[in-house]
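Trainee: So that we are looking at the same thing, I have put the structure below in structure tokens.
Residue numbers (this note's numbering): 1341 to 1549.
Okay, structure coming up:
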């Protein structure tokens, strides 16, 4: 059973925001948090946005009229819930999102990042089969989808942050979606950070470029 995050729980580490719907407005606008005891660094991928001096609970406080709650789901996952947030229509709304703990990408059997870049992979998200080709622009018919109504991007790069490699999707030269890679083998690689239960899915090598 999940339980509210207590002040004596150590949540130090690097955390990635799971964004199951990139069209949803997130507050704050960041993708990665580096949490220490009394300091939170927020990043838009590898660009530092803010160094906040205070607790993680204080970091997620939006205003005096709204409330936020941090709930522990597992050692590698927590959820932030906002209530009574005033939206652009003047309505009070509630919403939540999750952060997954990042881990360094593990390369098995002497695999390297070049194995990923030099091959083509097939991956399935939510029942949708996509083809992954790095440093490649997708045609309209090839564009990968996270869900039937959620486009990942029209260009794919392999990028890294603090030892974690990411599938970085772009639209018009702006990052639209990011998915961390957990480990790589000669058969392909696993990614996570795309679903609310933080499950992994496998990208299978199908051909050499």
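Every residue gets a Cβ at the ideal spot worked out from N, C-alpha and C, and that includes glycine. Here the structure is a predicted model, which is why all the values come from computation and not from measurement.
Rank 1496, 1519, 1503 and 1502 by C-alpha distance to the C-alpha of residue 1511 and give the top, closest one.
Mentor: Residue 1511 has its Cα closest to that of 1496, out of 1496, 1519, 1503 and 1502.
Trainee: Flag this pair as yes or no: are the beta carbons of residue 1437 and residue 1357 separated by less than 8 Å?
Mentor: Contact flag set, yes.
Trainee: Does residue 1457 come out as helix, strand or coil in the three-state DSSP assignment?
Mentor: In this structure, residue 1457 counts as helix in the three-state DSSP scheme.
Trainee: Would DSSP call residue 1400 helix, strand or coil?
Mentor: Coil.
Trainee: Taking a contact to mean a Cβ-Cβ separation below 8 Å, would you say residue 1507 touches residue 1531 in this structure?
Mentor: Yes, they are a contact pair.
Trainee: Between residue 1524 and residue 1449, what straight-line distance do the alpha-carbon atoms span, to the nearest angstrom?
Mentor: When rounded, the distance between both Cα atoms is 9 Å.
Trainee: Which residues in the same chain have their Cβ closer than 7 Å to the Cβ of residue 1365, if we skip the five residues on either side of it in sequence?
Mentor: For residue 1365, the predicted model reports a pLDDT of 48, less than 50, meaning its position is unreliable; a value from the coordinates is still stated below. Excluding residues within five positions, none has a Cβ falling inside 7 Å.
Trainee: Closer than 8 Å, CB to CB, is residue 1545 near chain D or not?
Mentor: Looking for chain D here will not work: only one protein chain is present.
Trainee: By Cβ distance below 6 Å, which residues in the same chain neighbour residue 1399 in space, the five residues on each side in sequence not counted?
Mentor: Only 1380 and 1392 meet the Cβ criterion.
Trainee: Identify every residue that forms a DSSP beta bridge with residue 1467.
Mentor: The partner list for residue 1467 (beta bridge, DSSP) is empty, contrary to what the question assumes.
Trainee: Return the CA-CA distance between residue 1376 and residue 1383, expressed in angstroms with no decimal places.
Mentor: The straight-line gap from Cα to Cα measures roughly 14 Å.
Trainee: Taking just the CA atoms, how far does residue 1459 sit from residue 1397?
Mentor: Rounded to the nearest angstrom, the two C-alpha atoms are 43 Å apart.
Trainee: Look up residue 1428 in the DSSP assignment and say whether it is helix, strand or coil.
Mentor: It is coil, neither helix nor strand.
Trainee: Give me, in chain order, the residues of the same chain whose beta-carbon lies closer than 6 Å to that of residue 1487; leave out the 5 immediate sequence neighbours on both sides.
Mentor: Closer than 6 Å at Cβ, skipping near neighbours: 1466.
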